[in-house]
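In the working numbering, the protein residues as written are 59 to 266.
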């Protein structure tokens, strides 16, 4: 993905409707696996170049639309390759860590996770009730004992450390969860940075 005006690859994105500047404020950089959790394939995507400040949307640019389609296929291929309990647990555990980062579970964050599993073709084989149950489990563990609960969730994410493509998929979902309410808060970015360290990825690949 490159800016149609200056060709910079420092491009960020968010859903249209969050208000002027939200795409840039969100701090989600586009990368190898693209966006997830209701962002990928969305007809209401807004893009912003961090270099020249150019803005455009997915419906007004053919190259952007093609890029979104390729990212959808890429994500599907990765999930098909690594599908299993470890990937599902990592996706849910990482999402729980970000959702509880500020001490409050926003309904938009929970819905973003559930919608991802419900609407994504690659996740059709996953039981939504089980996803919700495991999300509640990790959240409750973190709330009852922040240190031990967080460590348990990070261990679940860390199982993908040797599977970098799958790990990137998890980090992308975590970014989308953080941005679910329209703002990627600093405390949520900090948690994503911790998740990146757990799976040996550079957080600068995903957030700024």
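Cβ coordinates follow ideal geometry from the N, Cα and C atoms, glycine included.
Model, not experiment: these values are computed from the prediction.
Close Cβ partners of residue i (< 6 Å) along its chain, the five nearest in sequence each way excluded
i	result
residue 151	196, 211, 214, 215
residue 67	60
residue 158	197, 200
Separation of residue j from residue i, as counted between CA atoms
i	j	result
residue 104	residue 245	24 Å
residue 153	residue 126	22 Å
residue 149	residue 228	5 Å
residue 163	residue 145	22 Å
residue 218	residue 224	7 Å
residue 191	residue 185	10 Å
residue 130	residue 62	21 Å
residue 109	residue 262	16 Å
residue 96	residue 230	Confidence is the limiting factor: at residue 96 the pLDDT is only 43, short of 50, which leaves the residue's position unreliable, though a coordinate-based value still follows. In a straight line, the C-alpha of residue 96 is about 12 Å away from that of residue 230.
residue 141	residue 209	23 Å
residue 64	residue 124	19 Å
residue 181	residue 132	14 Å
Outcome for residue i when other beta-carbon atoms lying within 10 angstroms are tallied against a minimum of 16
i	result
residue 249	buried
residue 178	buried
residue 205	exposed
residue 120	exposed
residue 226	buried
residue 166	exposed
Beta-carbon proximity of residue i to residue j, cut-off 8 Å
i	j	result
residue 156	residue 235	yes
Own chain residues within Cβ distance below 8 Å of residue i, not counting five before or after
i	result
residue 160	243, 245, 246
residue 176	186
residue 260	254
Practice problem: Please confirm if the segment 166-183 is in contact with the segment 251-260, defined as three or more CB-CB distances below 8 Å between the two stretches. | Solution: No, because fewer than three Cβ pairs between the segment 166-183 and the segment 251-260 fall closer than 8 Å, the two stretches do not touch.
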